[in-house]
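This report refers to the structure that appears directly beneath it.
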Ligand SMILES: C[S@@+](CC[C@H](N)C(=O)[O-])C[C@H]1O[C@@H](n2cnc3c(N)ncnc32)[C@H](O)[C@@H]1O
């Protein structure tokens with residue numbers, strides 16, 4: 168059921184997400200964001216901004232920051248971080264990763280963190296990222312993915328429950344396979360075994376392929 172406050176799932180997620188993530192961010196995740204996002208430049212799109220953990224980490228080289236977030240409760244929470252934005256211009260938009268309201272080649276940088284686990288059609292969303300990125304622009308990704316061995320088995324086991332409680336989040340998503348199928352090519356990939364292998368992350372950069380795919 169949806170209202171102007173969002174679906175029941177979105178409202179639940181907007182309440183629970185900061186309670187879980189405040190500790191994760193303070194425990195080192197914030198530092199990882201800061202290092203990763205320091206590469207953002209120029210006109211930048213942050214896709215699925217959530218309550219804005221990435222927002223304070225964009226460097227001064229980001230001139231315009233566009234934040235797209237479909238969950239009304241999380242968009243409200245974003246107001247608490249807008250004072251930390253260093254870009255000259257910024258905007259917060261409702262929106263959908265599958266139909267971005269921007270012309271082709273609009274952005275120098277597109278960044279997404281912990282987004283692709285939540286999407287039913289990650290291939291379509293990556294095609295949209297590619298479309299709105301200017302030729303030679305940078306896609307900065309930071310995603311949690313299915314683990315190897317026992318952690319991977321645990322991720323498969325908990326996925327049906329986490330999808331319901333985490334607004335669609337699938338802990339067993341293989342983001343790098345989606346990226347490999349996309350019109351974007353990875354330029355750099357770091358793999359992190361967060362929380363003893365239970366929260367593996369892939370963090371990196373990609374740009375448009377030169378092979379025309
Ligand atoms: C796990 S949260 C991550 C939030 C934030 N990027 C961060 O790093 O903390 C996933 C976010 O993706 C958003 N989201 C879900 N489906 C989306 C869609 N189709 N288009 C854009 N954002 C979406 C959710 O509302 C949520 O804010």
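In our numbering, the protein residues as written are 168 to 380. Even for Gly, the Cβ is constructed at its ideal location relative to N, Cα and C. Treat the numbers as computed from the prediction; the structure is a model and nothing was measured.
How about residue i and residue j: do their beta carbons lie closer than 8 Å?
i	j	result
residue 277	residue 249	no
residue 253	residue 275	no
residue 329	residue 240	no
residue 342	residue 369	yes
residue 181	residue 238	yes
residue 267	residue 236	no
residue 245	residue 224	no
residue 306	residue 201	no
residue 293	residue 351	yes
Could you tell me whether any non-hydrogen atom of ligand 1 is closer than 7 Å to the CB of residue i?
i	result
residue 343	no
residue 265	yes
residue 286	yes
residue 235	yes
residue 326	no
residue 243	no
residue 273	no
residue 216	yes
In whole angstroms, what separates the C-alpha of residue i from that of residue j?
i	j	result
residue 186	residue 219	14 Å
residue 134	residue 231	Outside the modelled stretch of the chain, which goes from 168 to 380, sits residue 134, for which no answer is possible.
residue 179	residue 347	33 Å
residue 349	residue 234	23 Å
residue 259	residue 247	13 Å
residue 170	residue 344	35 Å
residue 211	residue 262	15 Å
residue 229	residue 334	30 Å
residue 286	residue 336	8 Å
residue 191	residue 366	11 Å
If you follow the alpha helix (DSSP H) that residue i is part of, which residue opens it and which one closes it?
i	result
residue 290	289-299
residue 320	316-332
residue 243	239-245
residue 182	175-191
residue 201	197-204
For residue i, which residues does DSSP report across the bridge?
i	result
residue 234	213 and 259
residue 345	Answer is none; residue 345 lacks a bridge partner.
residue 399	Lying outside 168 to 380, the shown extent of the chain, residue 399 is not represented and no answer is given.
residue 310	369
Considering residue i, what are the terminal residues of the beta strand (DSSP E) in which it resides?
i	result
residue 359	351-361
residue 277	274-280
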